[in-house]
Each structure stands twice: as structure tokens, then as C-alpha cells.
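Novice: In my numbering, each number is its position in the sequence shown, counted from 1, plus 19. Backbone N, C-alpha and C define an ideal beta-carbon position, used for all residues, glycine too. Keep in mind it's a predicted model, so treat the numbers as computed, not measured.
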Amino acid sequence: MPETDQEKAIIAGLTAESGEAALDFAERSLDELAELAEAAGAMVAGRALQHRQAPDPATFLGKGKLEEITRSAEALGATTLICDDELSGSQIRNIENLTGLKVIDRTFLILDIFAQRAKSREGQLQVELAQQQYRLSRLIGLGQALSRLGGGIGTRGPGESQLESDRRHINRRISTLKRALAEVATRRDQTRKQRQSQDILTLAVVGYTNAGKSTLINALCQSDLLTLDQVFATLDPAARRLVLPDQQPVILIDTVGFIRKLPHQLVDAFRSTLEEVTQADAIVHVLDASDPQAEIQRDVVDQLLNELGAGGKPRLTVLNKIDLLGPFERSGLHGLTGKEETQMVSARTGEGLPDLITAIARLAAEQFIPVDLVLPYDKAGWISRIEQQGKIESIEYTEAGIQIKARVRPALFHPLQREINKR
Ligand SMILES: Nc1nc2c(ncn2[C@@H]2O[C@H](COP(=O)(O)OP(=O)(O)OP(=O)(O)O)[C@@H](O)[C@H]2O)c(=O)[nH]1
Ligand SMILES: [Mg+2]
20 MPETDQEKAI IAGLTAESGE AALDFAERSL DELAELAEAA GAMVAGRALQ HRQAPDPATF
80 LGKGKLEEIT RSAEALGATT LICDDELSGS QIRNIENLTG LKVIDRTFLI LDIFAQRAKS
140 REGQLQVELA QQQYRLSRLI GLGQALSRLG GGIGTRGPGE SQLESDRRHI NRRISTLKRA
200 LAEVATRRDQ TRKQRQSQDI LTLAVVGYTN AGKSTLINAL CQSDLLTLDQ VFATLDPAAR
260 RLVLPDQQPV ILIDTVGFIR KLPHQLVDAF RSTLEEVTQA DAIVHVLDAS DPQAEIQRDV
320 VDQLLNELGA GGKPRLTVLN KIDLLGPFER SGLHGLTGKE ETQMVSARTG EGLPDLITAI
380 ARLAAEQFIP VDLVLPYDKA GWISRIEQQG KIESIEYTEA GIQIKARVRP ALFHPLQREI
440 NKR
């Protein structure tokens, strides 16, 4: 994009604590905000970090800081101010009045990037739902301010009735979007049920945005999912098949990346997409081990997984991008290894992938139930199902019937058990 077309922005954040670690944390959050602003198509002309016990309820940043920002925006030719936290509707209006700048917050920015990236119909519907919910909550902020101004009976001004009609309009749109999404979700459900009925083990590949999830799936499955050095390249889940060394297939599901302060509107709106994570048999958590913020990113992902109710699933941790690390830095990765099994890999060079595949195979094997049974000859049809959905370890044709030792998926185990008990 030529520079002249780009919106010039100043980014600003708050930190409640002043210690070195807290300052560093806030600066890194601003770095990420700058990345988000650029991903949305803006040019970051300046940044400001204010140390303050608590945000100013009316203007988020202090008045003095806002005056400073106004002056530097004039000097730099910036027209937009982007704040690193969610602002209320009245805060946005107050800051706009004080600075003359267009004001947006981190949530708006993330929603905007999602809107630019969404390709599938489901993705577009989900993003618009989140955006409308964001707008609605900002209207309410404005509404409270106005109704306080209005005061007594009969003082309802034109502003307020406009507001009510806006609110009605948004609510109608939200209902339409929810209905459309419910339809798409039903279809997604069917696809998933079909997959589950084939009973192939499903692993959700999750992680912070840009950690290399799609690249890793491509390297493992020889697929060609979109990978880019930018945030939120992937919005729609995609399933790819990986055939393990014992010929057992598993499905890897690529998912949307997580980020700190992920807008709750997005989490709500993306619920059906995120169900791919909650419905998976196990989780592969991909971390960018070369990122100085890897530890924080891991915690953000852990917390979101817990919120989604997927915190207790069997899990593998993958420390990716180790090609960017020297031997000394690699040996310092202990801090990132939790209680789950951890593999160091480079999805780019292929280093560590054979060990990762072994670990996935081990995880897959743990999801199978061992059986030792005698199948009557008239039930021999079950053998092909066991072959498809499990692994036969030994088979012997005896007088009593067909003696089978095998490992099967839970979904086959129960019907099989019922069948045997019928006799
Ligand atoms: N050096 C190096 N770069 C990698 C590696 N794996 C991925 N990358 C790069 O990291 C960037 C992000 O990769 P993606 O696979 O798109 O990351 P993602 O986690 O799917 O990201 P989102 O879908 O945006 O959340 C791309 O530029 C990749 O080429 C790796 O092992 N080493
Ligand atoms: Mg991706």
C-alpha cells in the first residue's frame, strides 16, 4: 500500500505497575498492538505508554497525556489514536472530543483484521456478529450518558430516539446473523459427526497466532494450507489427514490463532469454530520457541483452552521454530516445558518432525482400548470394522470362534462389547 493512502496512527497503553518487568510487559503488548495496527493497514507513527494506577473512567489515559498525544499527532500528521485496551463508548467519544483524533481500541482493531481476512461464509458471519455486538455495547455506553443528560419526563431528544432506532437495527441484524450461523453450524456438525463415525482420531492444533500451526500441519501432512508471516492468517478450521508409521490415520485440525486480550465478542461468535477444539480427542499446542514472549503466549493459550473447557484433554506441546535458536538458547527452553510431553521441532527445516510423529503415534495409541475376545463365526463381519477403526494384534481361528486381540477406539469398543454379550 503506498504510504500516502495509509492512515497514520499513534498507539497508546497504560501500565498500573512501574517495575521493570511490568514496563517490559506493557511495551511488548504495545509492540503487538503496533503489529496489529499494521496488519489492519495503518502506519504506526508514534507510541505512548502511561503509568497510572487505574484508567481514567472518562478518558482512559490522563488529560495531560492526551494533550501530549494531540500535539505529537499534529507534528507527525497522525489522524488516529489506537488504545491497547477496550474502551467504553463514552470513553471513545470523550477522547475524540479532546484530541480531534479518530479513536479505536484493541478490540476494534482485531475485529477489523478478522473482517479483512474472513473468506468463508461462516467466518464472515461470525466476524460480523462480533462486530455488531461490539457496536451494540458501545451504543449502550453512549445511551447511558445521554439518558442521564435527558433527565426529566418529556425531555427525550432526537439524539436518543436515533440511538434507539440504531439499537433496534443492530439487534435485528444480530438475530439474522445468529440464525444464518445456526444453519452453517448444523452443517459443520454433520461433517464432524461423519468424521467421528469413521472414528478417526482427531487432534486440534492450537496456539498463539503466527506460532507456525499451519506450517507444521503442511510439513506433517504434505498439505498446502495458507501460511503467512502475519497475525491471523488462518480463520477457518481445516482438517488434514496424517498417516502414522503403523498406517493408522489421524486428523489434524488447523485452528484460528489466539492472542492476548482476545475480544470476548470474537470468542462468543467463533464458538462453533472453536468447537473443533473442544470436540477433538487431543490437543497439539504449538509455541514459537524463538519468540521472547513465548512464555506469556503459552499462558494465554492455556487460559483460553481452560475457558473453552478443553484444558483437561490429552496434550502434546510443540516448541516450533528451533531453527532460529542456537544450542545455548535451545538448552534454555526448559522454562517452556510443562508437565505434558514436549517436542522441539522446526516446521520449516523438518528437524524434530520424526520424533513428533512418534509422539503423536504414542498419544494416538493411548486413545485406544485393548480388547481380547472370541467372535462367533457368524459375526466375522466385525473383523473388517476392527481393521478399519482399530488395530488387530493377533487373530486365530479356533473351534470356539475367532480369537482376536486388538486395540480399538472407544466408539467401536462399546458396540463390539454389546455384540459379544448378546450371545
Ligand atoms: N524460521 C521458522 N519459521 C517458521 C517455522 N514455522 C513457521 N514459520 C513461519 O512463521 C510464520 C507463521 O506461520 P503460520 O504457519 O502461518 O503460523 P500460524 O500459527 O498458522 O498463524 P495464524 O494462522 O496466523 O495464527 C510464517 O512466516 C512461517 O513461514 C519454523 O519452524 N521456523
Ligand atoms: Mg495458520
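Is the Cβ-Cβ distance between Leu-271 and Leu-239 less than 8 Å?
Specialist: In contact: Leu-271 and Leu-239 (Cβ atoms closer than 8 Å).
Novice: Is Ser-242 near ligand 2, in the sense that its beta carbon is under 7 Å from a heavy atom of that ligand?
Specialist: no
Novice: Rounding to the nearest angstrom, what Cα-Cα distance links Ala-230 and Asp-43 in this structure?
Specialist: In a straight line, the C-alpha of Ala-230 is about 21 Å away from that of Asp-43.
Novice: For Glu-105, which residues of its own chain have a beta-carbon under 6 Å away from its beta-carbon, when the five flanking residues on both sides are left out?
Specialist: Asp-124 and Thr-126
Novice: Let me know if Val-6 comes out buried or exposed under the rule of 16 or more other beta-carbons within 10 Å of its beta-carbon.
Specialist: Given a span of 20 to 442 for the chain in the structure shown, any question on residue 6 remains unanswerable.
Novice: So, helix, strand or coil for Gln-69, using DSSP?
Specialist: strand
Novice: From the DSSP output, in three-state form, read off Ala-380 for me.
Specialist: Ala-380: helix per DSSP, three-state reduction.
Novice: Out of Leu-375, Ala-31 and Val-296, which has the shortest C-alpha to C-alpha gap to Leu-120?
Specialist: Ala-31
Novice: In the DSSP assignment, the alpha helix (DSSP H) including Gly-32 goes from what residue to what residue?
Specialist: First-last for Gly-32: 26-34, but that is the beta strand (DSSP E), not the alpha helix (DSSP H).
Novice: How far does the beta strand (DSSP E) with Lys-332 in it extend, from its first residue to its last?
Specialist: Careful: Lys-332 lies outside any beta strand (DSSP E) and carries neither H nor E.
Novice: Starting from Asp-50, follow the beta strand (DSSP E) in both directions and report where the run begins and ends.
Specialist: No beta strand (DSSP E) contains Asp-50, which is instead part of the alpha helix (DSSP H) from 39-58.
Novice: May I ask you to check if the CB of Thr-246 is nearer than 7 Å to at least one heavy atom of ligand 2?
Specialist: yes
Novice: Here's the rule I'm using: 16 or more other beta-carbon atoms within 10 Å means buried, otherwise exposed. How should Asp-273 be labelled?
Specialist: buried
Novice: Closest by CA to Glu-87, which one among Cys-102, Ala-67 and Asp-103?
Specialist: Ala-67
Novice: Give the single residue among Glu-202, Ala-73, Ser-156 and Ile-376 whose Cα lies nearest to the Cα of Pro-282.
Specialist: Of the candidates Glu-202, Ala-73, Ser-156 and Ile-376, the one whose C-alpha sits nearest the C-alpha of Pro-282 is Ser-156.
Novice: Does the count of Cβ pairs from the stretch 300-307 and the stretch 221-229 closer than 8 Å reach three?
Specialist: yes
Novice: Please report the Cβ distance between Leu-335 and Glu-370, rounded to the nearest whole angstrom; I am assuming they are in contact, meaning their Cβ atoms lie under 8 Å.
Specialist: 17 Å between Cβ atoms; not a contact.
Novice: For a test of your reading of the model: does the CB of Thr-253 fall under 7 Å from any non-hydrogen atom of ligand 1? Yes or no.
Specialist: yes
Novice: Can you determine whether any heavy atom of ligand 2 sits closer than 7 Å to the C-beta of Asp-310, and answer yes or no?
Specialist: No, Cβ of Asp-310 sits at least 7 Å from all heavy atoms of ligand 2.
Novice: Please return the same chain residues whose Cβ sits closer than 7 Å to the Cβ of Ile-411, not counting the five positions on each side in sequence.
Specialist: Ile-405, Ile-423 and Ala-425
Novice: Rounding to the nearest angstrom, what Cα-Cα distance links Ala-35 and Leu-80 in this structure?
Specialist: 12 Å
Novice: Please tell me whether Ala-204 and Ser-291 are closer than 8 Å, where the distance is taken between their beta carbons.
Specialist: For the 8 Å CB-CB criterion, Ala-204 and Ser-291 form a contact.
Novice: If you pair each beta-carbon of the stretch 87-101 with each one of the stretch 55-72, do three or more pairs fall below 8 Å?
Specialist: yes
Novice: Out of Thr-356, Asp-103 and Ala-41, state which residue places its alpha-carbon closest to the alpha-carbon of Pro-74.
Specialist: Looking at the Cα atoms, Asp-103 is the closest of the given residues.
Novice: Return the chain-ordered ranges of every beta strand (DSSP E) run that is complete within the stretch 178-260 and spans a minimum of 3 residues.
Specialist: 220-226
Novice: Measuring only from the beta carbon, is Glu-232 closer than 7 Å to any heavy atom that is part of ligand 2?
Specialist: What sits at residue 232 in the sequence shown is Lys, not Glu. At least one heavy atom of ligand 2 is found less than 7 Å from the C-beta of Lys-232.
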